[in-house]
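>
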Amino acid sequence: FTLFVLGLSTLAQEYWFVAVIALTVSYFIFGRLKQKSRAFRDFLDRLSLKLPVVGNIIYQAVIARFARTLSTTFAAGVPLIDALDSVAGSAGNSVFEKATHTIREEVSTGTQLNVAIAHTKLFPSMLVQMATIGEESGALDDMLDKVANYYEEAVDNLVDSLTSLLEPMIMAILGVLVGGLMIAMYLPIFQMGNVV
Numbered sequence: 004f005t006l007f008v009l010g011l012s013t014l015a016q017e018y019w020f021v022a023v024i025a026l027t028v029s030y031f032i033f034g035r036l037k038q039k040s041r042a043f044r045d046f047l048d049r050l051s052l053k054l055p056v057v058g059n060i061i062y063q064a065v066i067a068r069f070a071r072t073l074s075t076t077f078a079a080g081v082p083l084i085d086a087l088d089s090v091a092g093s094a095g096n097s098v099f100e101k102a103t104h105t106i107r108e109e110v111s112t113g114t115q116l117n118v119a120i121a122h123t124k125l126f127p128s129m130l131v132q133m134a135t136i137g138e139e140s141g142a143l144d145d146m147l148d149k150v151a152n153y154y155e156e157a158v159d160n161l162v163d164s165l166t167s168l169l170e171p172m173i174m175a176i177l178g179v180l181v182g183g184l185m186i187a188m189y190l191p192i193f194q195m196g197n198v199v
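So the sequence shown is numbered by the working numbering: it starts at 4 and just counts up by one.
And the structure:
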């Protein structure tokens with residue numbers, strides 16, 4: 004075990020620049036692919052929504068952003084079609100950007116907003132119900148504002164929960180690393196004592 008740790012240390016000292024170059028090149032290739040390839044960006048955005056724990060946070064954050072942007076622009080007197088354009092541009096996720104464009108197309112042909120949202124099968128039922136109430140009562144911006152507040156608070160709570168979960172895990176990992184180094188340092192000394 005001690006030889007393994009020493010070998011890792013030597014490797015890190017002699018070839019650290021290779022790791023730095025590899026990470027830098029990978030970062031730039033990843034960035035260029037994401038920027039230039041729509042298919043790659045779509046794949047990453049779909050994948051991000053399916054990630055355990057983090058995927059749910061991303062999903063709820065996107066819903067909060069959708070509701071907040073639509074509420075703010077509509078309250079400012081922007082026509083619904085134009086407001087949906089703004090929402091699509093600020094979606095932050097290509098899956099929801101496409102869905103918002105689909106909603107816009109349906110609304111422009113006379114479909115009610117809540118029906119168009121429901122057709123995508125992406126948005127939570129709460130948003131659909133609140134949009135229905137908002138359209139019927141003429142208070143769409145207020146209803147969407149309530150949805151945005153709800154999901155923003157949900158995201159904050161999820162992030163807090165994730166942070167409190169990660170803290171003991173990080174401490175445990177650090178404990179294992181430090182313990183491993185201590186064993187690697189002192190094990191040969193104890194073994195020498197046994198030999199003597």
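Every residue gets a Cβ at the ideal spot worked out from N, C-alpha and C, and that includes glycine. Since we're looking at a predicted model, the values are computed, not measured.
Since Val65 and Leu165 are thought to touch, with beta carbons under 8 Å apart, how far apart are those beta carbons, to the nearest angstrom?
Not quite, the Cβ-Cβ distance comes to about 17 Å (not below 8 Å), so this is no contact.
> Under 8 Å, with one C-beta from each stretch per pair, do the segment 89 to 101 and the segment 165 to 179 reach the 3-pair mark?
no
> Quick check: Ser74 and Leu147, are their CB atoms within less than 8 Å of each other?
The Cβ atoms of Ser74 and Leu147 sit closer than 8 Å to each other.
> Within the same chain, show all residues whose beta-carbon is closer than 6 Å to that of Ala78, passing over the 5 residues directly before and after it, in chain order.
Only Asp144 meet the Cβ criterion.
> Around the Cβ of Gly137, are there at least 16 other Cβ atoms within 10 angstroms (buried) or fewer (exposed)?
buried
> Helix or strand or just coil, what does DSSP make of Gln115?
coil
> Apply the 10 Å Cβ neighbour rule to Ile173 and answer buried if 16 or more other Cβ atoms are within range, or exposed otherwise.
exposed
> I need the DSSP call for Lys149, collapsed to helix, strand or coil.
Lys149 carries a helical assignment under DSSP once its states are collapsed to helix, strand and coil.
> Should Ala175 be flagged as near chain C, meaning a C-beta pair shorter than 8 Å?
Absent from the structure is chain C; it holds one protein chain and no more.
> Excluding five sequence neighbours on each side, which residues of the same chain lie with their C-beta closer than 7 Å to the C-beta of Val158?
Ile60, Gln63, Ala64, Ala67, listed in sequence order.
> Can you tell me whether Met185 is buried or exposed? The criterion is at least 16 other CB atoms within 10 Å of its CB, across all chains shown.
Exposed is the call here.
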